[in-house]
Each structure stands twice: as structure tokens, then as C-alpha cells.
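Chemist: Pasting a structure here, questions to come.
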Ligand SMILES: Nc1nc2c(ncn2[C@@H]2O[C@H](COP(=O)(O)OP(=O)(O)OP(=O)(O)O)[C@@H](O)[C@H]2O)c(=O)[nH]1
Ligand SMILES: [Mg+2]
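Residue numbers (our numbering): 12 to 499.
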């Protein structure tokens, strides 16, 4: 090798070291997208990324409206062990003819978007273009149900799980499993067959409990509903037990074995999931599908409220000090979003936000008290409807118009997936607390009602940069709140 080759090599190394250092110096914002199953995470992330990389008309996303975003692009994600978020696949689903929603998520994935922007201040501008990495994780919403387990031991979890199973709304689903428990002697010596049968019946109950409507909250543990790569693992061979009548479980008993497995599940499944993906978030958007729960009545809403409270207790919101931002950053901005707001006329959005405020009141109070910046918003990441007015006699009713998915029903009418329909979704109550009161006359399942609509068709033909913004409701405000200040 000649000297010039060597120096060329050294220059190369220096250049790539320079790129490496500049990459290390690029600040990263970890955005937590938190939501139960079907709450709208995948659609939100797809629309969020698209709004960054393709621009378009996003008047309330200041950095873009001011023309300061030079470009945004996808980069290899930082974590080699995680699959990449299938952004292109989800977009292709929306660009298909007819378009369809992305499938429900079955495994974890990650995406990094890098935004190059021109800073606001002259001083920063003279230092060059600003760069920001935004890292996002997508995961099956079912797994979120595991976060409350972090704080519970086996007897505490058992008591909660049994109380949930005994709720009238789960009576049918839980019958077989509860009668198995009634005949079980958990003080008897550990027996793998008994553990397997019990775990199978418990799993079947969990699945049946959510079967009538996958949009509703389900009791966990999350991997029992969606095992991912843990299917058939002994980590999933346990179930809750009623409190023992006598002294604590003896060594070698079935009860002791189940308690040990519960602890293993926490150690090997829940803790790594939390530590690797949620422990160091900078910003968080909490997606709540309040409308589906309202549709199903007060019991479902109360369940949603309690489940979300259990989940949100796991996070650390608050104002950052210089020290905390270096060692253990806190979530300093939290956005609570009522998703799928395009199912309502905009005149009802205030009321939807009031309902969300009530559903998440404890988490909002905790975060605000700790100094985090908190916002509540009714949002549609991808708007599937438009608004219209229908006349009924002399009355004008604010309606939404969209194409209901095939098989959807509205009264006696069912839809073929091609025909547009104008829907009057009903009025949300002015006082949201009536929705959580099972005895209030207004709290019936018909307060609002809406079918699921087809998504709008996304065009991929236009080159990035010229593409029109996808239709949405307040997505631009959400993006501005979540990352806007980091592009200043
Ligand atoms: N009209 C409308 N429907 C939406 C919107 N976002 C989500 N949906 C509906 O909600 C369903 C679930 O959305 P996803 O984004 O897949 O939900 P998810 O939280 O990723 O769900 P999991 O992957 O199961 O955890 C979609 O298939 C749509 O039917 C929206 O902005 N508008
Ligand atoms: Mg998903």
C-alpha cells in the first residue's frame, strides 16, 4: 500500500468519524405513542411521518408553515435488534384501490425520522442547519396492559384480575375459568398439567372477554392476548388465584409455582419491554379511543378510565432539570388525544375533549403537578369523513359523510363499502360525568353511534415534497406541540 493510499484511507476514516460525531451530536427526541389496542397508534405514526417527510399544508405546524423544514427523511433506526416500522407498507394499504386501514400490529417495530431545519434564531442559523432525530416505536396495544403489573406482586395482581373477571360485563366469558378455579386446590403440590389447563382457560377467558368488540379494553397480561414470539412459552403458564384461606403458599405447591412464574413474566417480559422502550421517553402522545367506549356504555368507559390510569402510572412526566435531562430525562410534554374525531361533527369536538379530560383526569393532574406541559385534543390522524348538514323537518342536523366499510350497519341499513352515507352521530352530553354514571338516563349505548369508515385514498404518485397533506384533524397542532420547540 502506498503512502497516498494510506493518507486517503486516513482521510476517509476521519470523514466517517466526522459523520459519526455529527450524528452523535444530533439531538434525538424519543416520542412515545401510547395507546391500547386499536386506539390508532399505527395510523397516527404513519400520518405523523408522512406529514414530516412529504410536507403539505400544515398551517399549525409552525416550522413547516414558516418554510424552515429543509427536508425530513427516514434513516436506519438506532436499534439493530428491532424490525423497522413498515411505513411504506402502511402507506401502500392507504394507496390501494380501494384503500384499507393498516393491519393491527402483531410485533414491535421502530422508526427514525431525521428532520433538517433552518433554526429560528440568527445565532443558531450562522452555525448551520439544525438536525433532529425523532425515534418512534410501534407495538401491539395489548402489550401496554402489562405496564401496571410492574407495581404489583402476585397476590395483588390476582385480586385485581379476579375482580375484573367477576364484573357483570365479563360474566359469560369468565364462567369456565372461574369454575375451574373453584374446583382447584392450589395448596396441592405443583402440577404442570394443572398449570397448563388453568393457563389455557384463563387465556380463553381473556380472548372471549374482548371478542364482542376488539375496540374495547381487555384485561391482561398482554402476551396472553398477543403472545408474539412467546407463544407456547412456560413464561405464559400461569394464572391468578383467589387469596389462600390459610397461611401463605407453601414451597412446592401449585400456588407457589404460579407466583414464581408471574414474577418471571415481570422480570423477563414486562421489565425489558418497559426499560427498552418507555423508560427514556422525551415526549408522549396518549391516544384514547373514547368514542368506541362511549358507544358501548358506562361500564366500558369506566373500564377504559381505570385501565388507562393503571398504564399511565408507569410513566415519569415532569419538568427537566439539567441533571435529570442528562441522567434520566422526564416526559416534559404530554398530549392526550381523543382519536378518530372525524366520527363527530366539529361542533362536538369540545365535548369530546371534555370527556377525555375526565377519563385521564388523574394522569393529567399528576403530569401538570410535576411541571410537564399537558394538552388535550380531539384528533383524527387520517380524516375519513367530511361534514354536511342534513334537514330533518325544520331542524338542521350536523352530519358527517363518509363511505362505511363493507358490513357496517346503521339501524337496519347495511353497507357495501362503496356507497357514501351521511351519518348523524348523535349528541355528546354537555356534562361528561353523566357518561360514567351507570344510572343516569343519558348513559345508554346510543348516545353516539357511528360506523367505521373507509380511509381516504392516498396518492403516492406525486414526488415527496409536492404531495398534498393527507386529510386530518389537528394533526399539525399535535406535531407542533410534540416536536415544534425542538426545531426552533
Ligand atoms: N376514521 C378514522 N379511523 C381511524 C383513525 N385512526 C385509526 N382509525 C381506525 O382505528 C383502527 C385502528 O387503528 P390503528 O392505528 O391500527 O390502531 P393501533 O393502536 O395501531 O392498534 P393495534 O396495532 O391493534 O395496537 C383503524 O383500522 C381505523 O379503522 C382516524 O384518524 N380516523
Ligand atoms: Mg398498530
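We put the CB at the ideal spot given by N, CA and C, even for glycine.
Per DSSP, what kind of secondary structure is residue 494 in: helix, strand or coil?
Modeler: One-based indexing of the chain shown puts residue 494 at position 483. The answer is helix: DSSP assigns residue 494 an H, G or I state.
Chemist: Do the region 424-439 and the region 77-85 touch if we need at least three Cβ pairs shorter than 8 Å?
Modeler: They do not touch, by the three-pair rule.
Chemist: Leaving aside the five residues before and after residue 465 along the sequence, list all residues of the same chain whose C-beta is less than 8 Å from its C-beta, in chain order.
Modeler: Here residue 465 refers to the residue found at position 454 of the chain shown. Closer than 8 Å at Cβ, skipping near neighbours: 109, 110, 111, 395, 413, 414, 415, 416, 428.
Chemist: Looking at residue 426 and ligand 1, is the gap between the Cβ and the nearest heavy atom below 7 Å?
Modeler: To locate residue 426, count along the chain shown from 1; it is residue 415. For ligand 1, not one heavy atom lies less than 7 Å from the Cβ of residue 426.
Chemist: Using three-state DSSP, classify residue 264 as helix, strand or coil.
Modeler: The residue labelled residue 264 in the question sits at position 253 within the chain shown. Note: residue 264 maps to strand in three-state DSSP.
Chemist: Any idea if residue 40 is buried or exposed, counting beta-carbon neighbours within 10 angstroms, 16 or more meaning buried?
Modeler: One-based indexing of the chain shown puts residue 40 at position 29. Buried, by the Cβ-count rule.
Chemist: In chain order, what residues of the same chain lie with their CB nearer than 7 Å to the CB of residue 218, ignoring the 5 residues before and after it?
Modeler: Residue 218 sits at position 207 when you count from the first residue of the chain shown. Only 236 meet the Cβ criterion.
Chemist: Per DSSP, what are the beta-bridge partners of residue 202 in this structure?
Modeler: For this step, residue 202 is matched to residue 191 along the chain shown. Residue 202 pairs with nothing; no bridge assigned.
Chemist: Does the distance from the C-beta atom of residue 398 to that of residue 408 stay below 8 Å?
Modeler: Within the chain shown, residue 398 is the residue found at index 387, counting from 1. Within the chain shown, residue 408 is the residue found at index 397, counting from 1. Cβ atoms of residue 398 and residue 408: not closer than 8 Å.
Chemist: I'd like the span of the alpha helix (DSSP H) that includes residue 285, first residue to last.
Modeler: Locating residue 285 in the chain shown gives position 274, where the first residue counts as 1. Note, residue 285: alpha helix (DSSP H), 282-288.
Chemist: Tell me the DSSP secondary structure of residue 469 in three-state form.
Modeler: Taking the first residue of the chain shown as position 1, residue 469 is located at position 458. Residue state, collapsed to three classes: coil.
Chemist: State the beta-bridge partners of residue 429 as determined by DSSP.
Modeler: Mapped onto the chain shown, residue 429 falls at position 418. Partner(s): none; residue 429 has no beta bridge.
Chemist: If you draw a straight line from the alpha carbon of residue 51 to that of residue 389, how long is it in whole angstroms?
Modeler: Taking the first residue of the chain shown as 1, we reach residue 51 at position 40. Taking the first residue of the chain shown as 1, we reach residue 389 at position 378. When rounded, the distance between both Cα atoms is 13 Å.
Chemist: Whole alpha helix (DSSP H) runs in the region 56-82 with 4 or more residues, listed along the chain?
Modeler: Qualifying alpha helix (DSSP H) stretches, in chain order: 73-76.
Chemist: Taking the straight line between their C-alpha atoms, what separation do you get for residue 299 and residue 347?
Modeler: On the chain shown, position 288 is the one that residue 299 refers to. On the chain shown, position 336 is the one that residue 347 refers to. Using only the alpha carbons, I get a separation of about 8 Å.
Chemist: For residue 167, which of helix, strand or coil comes out of DSSP?
Modeler: Taking the first residue of the chain shown as 1, we reach residue 167 at position 156. Residue 167 falls in the helix class under three-state DSSP.
Chemist: Straight-line CA distance for residue 21 to residue 89?
Modeler: Along the chain shown, read from residue 1 onward, the residue named residue 21 stands at position 10. Along the chain shown, read from residue 1 onward, the residue named residue 89 stands at position 78. Any answer about residue 21 is weak, because its pLDDT of 48 lies below 50 and its placement is not dependable; what the coordinates show is given next. Computed Cα separation, rounded: 26 Å.
Chemist: So, at 6 Å on beta carbons, what are the nonlocal neighbours of residue 181 in its own chain, with the 5 sequence-adjacent residues on each side left out?
Modeler: To locate residue 181, count along the chain shown from 1; it is residue 170. Excluding positions up to five away in sequence, the list reads 220.
Chemist: Any heavy atom of ligand 1 closer than 7 Å to the beta-carbon of residue 436?
Modeler: On the chain shown, position 425 is the one that residue 436 refers to. Residue 436: no, Cβ never under 7 Å from ligand 1.
Chemist: Measure the Cβ-Cβ separation of residue 312 and residue 325 and say whether it is below 8 Å.
Modeler: Numbered from 1 along the chain shown, position 301 holds the residue referred to as residue 312. Numbered from 1 along the chain shown, position 314 holds the residue referred to as residue 325. No. Outside cutoff.
Chemist: For residue 26, does the three-state DSSP call read helix, strand or coil?
Modeler: Mapped onto the chain shown, residue 26 falls at position 15. In this prediction, residue 26 scores a pLDDT of 43, lower than 50, which makes its location untrustworthy; the coordinate-derived value is nonetheless stated afterwards. Residue state, collapsed to three classes: helix.
Chemist: If you count every other CB in all the chains shown that lies within 10 Å of the CB of residue 454, and 16 or more means buried, which is it?
Modeler: Taking the chain shown and counting its residues from 1, one reaches residue 454 at position 443. Annotation note: pLDDT 44 at residue 454 (below 50); position unreliable, no value reported.
Chemist: Among 168, 376, 271, 150, whose alpha-carbon lies nearest the alpha-carbon of residue 287?
Modeler: The count along the chain shown starts at 1 and reaches residue 287 at position 276. Ranking 168, 376, 271, 150 by Cα distance to residue 287 puts 150 first.
Chemist: Is residue 224 near ligand 1, with its Cβ less than 7 Å from a heavy atom?
Modeler: Numbered from its first residue, the chain shown carries residue 224 at position 213. No, Cβ of residue 224 sits at least 7 Å from all heavy atoms of ligand 1.
Chemist: Can you tell me whether residue 53 is helix, strand or coil according to DSSP?
Modeler: As a position in the chain shown, residue 53 is number 42, starting the count at 1. Residue state, collapsed to three classes: helix.
Chemist: Considering only residues of the same chain and omitting the five flanking positions on each side of residue 321, which have a CB-CB separation below 6 Å?
Modeler: Start at 1 with the first residue of the chain shown, and residue 321 comes out as number 310. Excluding sequence neighbours, residue 321 sits near 159.
Chemist: In whole angstroms, what is the alpha-carbon distance linking residue 264 and residue 252?
Modeler: Counting from 1 along the chain shown, the entry for residue 264 is found at position 253. Counting from 1 along the chain shown, the entry for residue 252 is found at position 241. Straight-line Cα distance between these residues: approximately 13 Å.
Chemist: Could you work out which residue in 488, 204, 378 is closest to residue 249 when comparing CA atoms only?
Modeler: Here the question's residue 249 lines up with position 238 in the chain shown. Nearest C-alpha to residue 249: 204.
Chemist: Between residue 351 and ligand 2, is there a pair consisting of the residue's CB and a ligand heavy atom that are separated by less than 7 Å?
Modeler: As a first step, residue 351 must be located in the chain shown, where it is residue number 340. Incorrect: residue 351 has no Cβ contact closer than 7 Å to ligand 2.
Chemist: Any heavy atom of ligand 1 within a distance shorter than 7 Å of the CB on residue 48?
Modeler: Within the chain shown, numbered from 1, the residue matching residue 48 stands at position 37. Yes, since a heavy atom of ligand 1 falls inside the 7 Å radius drawn around the Cβ of residue 48.
Chemist: Could you tell me whether any non-hydrogen atom of ligand 1 is closer than 7 Å to the CB of residue 213?
Modeler: Reading the chain shown from its first residue, position 202 is the one you call residue 213. Checking the Cβ of residue 213 against ligand 1 gives no.
Chemist: Given the structure, does residue 149 come close to ligand 2, in the sense that its CB is under 7 Å from one of the ligand's heavy atoms?
Modeler: To locate residue 149, count along the chain shown from 1; it is residue 138. Yes, the Cβ of residue 149 comes within 7 Å of a heavy atom of ligand 2.
Chemist: Where does residue 318 fall in DSSP's three states?
Modeler: Residue 318 sits at position 307 when you count from the first residue of the chain shown. Correct three-state label for residue 318: helix.
Chemist: Can you tell me the Cβ-Cβ gap for residue 60 and residue 124, rounded? I've got them flagged as a contact below 8 Å.
Modeler: Counting from 1 along the chain shown, the entry for residue 60 is found at position 49. Counting from 1 along the chain shown, the entry for residue 124 is found at position 113. About 6 Å separates the two Cβ atoms, so the contact holds.
Chemist: Considering only C-alpha positions, which residue in the set 495, 499, 496, 490 is nearest to residue 44?
Modeler: Taking the first residue of the chain shown as 1, we reach residue 44 at position 33. Nearest option by C-alpha distance: 490.
Chemist: Which of the three DSSP states, helix, strand or coil, is assigned to residue 45?
Modeler: Within the chain shown, numbered from 1, the residue matching residue 45 stands at position 34. Three-state DSSP puts residue 45 in a strand.
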